[in-house]
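Residue numbers (our numbering): 177 to 722. What follows is one structure encoded as structure tokens, with my remarks underneath.
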Ligand code: FAD
Ligand code: SIN
């Protein structure tokens with residue numbers, strides 16, 4: 177093992193959500209020196225906003241086999257079964273790890289209580305603080321990590337250093353002052369979360385700009401399934417206020433959905449009613465909003481009393497009250513919002529990407545476990561299951577993947593490249609990109625809109641400076657890269673499947689039961705590396721001269 181000095185670490189982890197912190201803590205248990213860089217404060221991550229909980233087959237009537245079946249069913253024909261099996265069978269052990277790290281789950285008489293969420297055939301959602309599961313996890317892990325590993329807050333990773341075909345460190349800058357930093361690493365882990373911010377309306381926090389996908393893509397790694405974004409059906413979207421999630425667990429406790437004209441509409445769409453998979457409920461709402469002309473539908477849990485609601489869903493109950501809505505008396509206006517990035521940096525079940533020394537875990541990774549539509553509460557679980565395996569692969573003698581342990585080749589369409597960028601154009605505002613994505617690459621898509629959008633995004637991308645100067649610029653570039661991957665993936669995928677729905681191809685097609693993989697052409701990866709090297713050299717030169 178190397179020692180943590182002179183800016184070199186065994187493991188450099190980018191991101192301080194559950195994936196990054198859990199990986200860092202696991203690596204410390206093996207004696208590794210670990211640096212975590214994170215672009216905001218330590219606890220600013222999607223993780224802290226997670227409400228419903230973590231799926232694990234812990235109940236007496238439940239089994240990992242049933243959890244696996246539900247995961248595969250929700251994923252609409254694209255779930256990688258081997259990876260999903262690992263996910264479901266290792267769930268209980270990962271929950272035990274969290275308990276060991278100090279996370280206190282909700283219990284009754286000493287037994288963990290299990291909630292219900294859509295498309296699960298059993299109550300299997302472990303939760304904390306009622307609807308504050310993510311907050312409990314984030315606060316527990318960050319408190320422990322601050323004692324165990326080196327953490328640099330407000331430090332944005334801006335590129336992966338690749339030497340002789342292997343990730344060897346990162347370039348970064350301090351987001352407050354712009355000061356450049358660089359760190360050497362035995363291995364680099366992307367744990368940067370999702371890309372929900374590429375959409376106008378999203379449950380994701382500001383940090384979810386898809387940086388990990390953009391960093392990996394620029395480093396030559398493969399990116400998979402970015403056309404699949406999950407839209408959550410029940411967000412509270414009020415003018416001028418941050419979007420707030422109303423957990424699916426509320427429907428799990430019996431809440432019903434009504435159109436604004438009073439029709440209980442899910443009866444028309446799916447036999448599982450309000451507990452149908454998210455993609456189905458979201459499209460049903462979209463259709464009902466078009467039918468009534470309203471910008472929302474209504475969620476009704478008024479058969480429960482206020483004290484029960486305040487105990488089971490303290491955050492949601494309080495937020496609704498702030499907005500003048502009493503869940504015990506009022507139906508809550510809800511509408512869909514971009515929620516989860518199913519695609520990401522392609523990895524095997526050991527977190528390895530297609531670039532040696534570069535790993536990806538959590539929402540930024542694409543292990544294939546979610547297929548075309550993630551089953552509720554499988555995300556927090558995925559972060560830990562594959563981070564654990566990654567750390568064992570790296571630091572535990574005898575563990576490891578064989579070089580050919582990527583996902584089954586038969587399901588891969590073959591790596592393709594993005595459309596060529598077409599001349600220089602004005603740099604867009606982030607809001608312009610997000611509005612375009614919401615309209616054309618959102619819940620309902622079509623070929624014409626996707627084609628126009630893909631070209632527009634390519635032009636905008638060409639107008640971006642190669643090395644943006646500040647956090648806002650970097651994040652806009654990441655959003656553009658992710659948006660291009662999503663739009664061009666959606667354009668190529670001539671079918672409807674899971675969260676990807678096209679009016680011109682409204683059915684799934686067997687020929688499309690495969691993944692779409694994008695990879696930057698080698699020549700461009702080399703050019704970007706040269707550019708990074710030159711920019712850094714020039715900056716160092718300027719610093720010496722000054
Ligand atoms: P995150 O928690 O998003 O952490 C990413 C980290 O990377 C952040 O610290 C960020 O600042 C940092 N970062 C990003 N880019 C850079 C960069 N360039 N340089 C340095 N740092 C960077 N899932 C469930 O399973 N159950 C739930 O109940 C649930 N509820 C949810 C509710 C909400 C409102 C949301 C938004 C999501 C929910 N999810 C839920 C999804 C789940 O929370 C996320 O998928 C999961 O937390 C992702 O964890 P992560 O560690 O991969 O990423
Ligand atoms: C929710 O609580 O509805 C979110 C759960 C999830 O995203 O898995």
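Glycine included, each C-beta is placed from N, C-alpha and C at the ideal position.
When rounded, the separation of the alpha-carbon atoms in residue 611 and residue 620 is 14 angstroms. Distance from residue 502 to residue 468 at the Cβ level is roughly 24 angstroms; contact not present, criterion being Cβ atoms closer than 8 angstroms. By the Cβ-count criterion, residue 636 is buried, with 16 or more other Cβ atoms from all chains shown falling within 10 Å of its own Cβ. In the structure shown, the three-state DSSP call for residue 476 is strand. When the beta-carbon positions are compared, residue 416 and residue 193 stay at least 8 angstroms from each other. For the 8 angstroms CB-CB criterion, residue 489 and residue 537 do not form a contact.
Assignment of beta-bridge partners to residue 511 by DSSP yields 411.
Here the segment 440-449 does not lie against the segment 508-516, with fewer than 3 beta-carbon pairs under 8 angstroms apart. Taking the Cα positions, residue 413 is about 13 angstroms away from residue 407.
By the neighbour-count definition (other C-beta atoms within 10 Å, threshold 16), residue 618 is a buried residue. Only residues of its own chain outside the window of five on either side were considered, and among them 512, 619 and 620 have a CB closer than 7 angstroms to the CB of residue 462, listed in chain order. Taking one beta carbon from each stretch, the segment 314-322 and the segment 218-225 have 3 or more pairs nearer than 8 angstroms; the two touch. In the DSSP assignment, residue 557 falls within the unbroken alpha helix (DSSP H) covering 555-571. Following the DSSP letters along the chain, one finds residue 326 inside the beta strand (DSSP E) bounded by residues 326-328. The continuous beta strand (DSSP E) containing residue 186 extends over residues 184-190.
Annotation for residue 287 indicates a beta carbon at 7 angstroms or more from all heavy atoms of ligand 2. The count of Cβ pairs closer than 8 angstroms, one atom from the segment 543-554 and one from the segment 373-390, stays below three, leaving the stretches out of contact. Secondary structure note for residue 434: its beta strand (DSSP E) is the uninterrupted segment 432-434.
Bridge partners of residue 516 according to DSSP: 406. Burial check for residue 455: the Cβ neighbour count within 10 Å reaches 16 or more, so the residue is buried. In this structure, residue 316 sits away from residue 235, with a CB-CB distance that is not shorter than 8 angstroms. Note on geometry: alpha-carbon atoms of residue 632 and residue 622 lie some 15 angstroms from one another. 657 is the residue among 265, 657, 229 and 268 whose C-alpha sits nearest the C-alpha of residue 395.
Positions of the alpha helix (DSSP H) runs, each at least 4 residues long and wholly inside the segment 299-334, are given as 309-324 in order along the chain. Ligand 2 has no heavy atom closer than 7 angstroms to the beta-carbon of residue 330.
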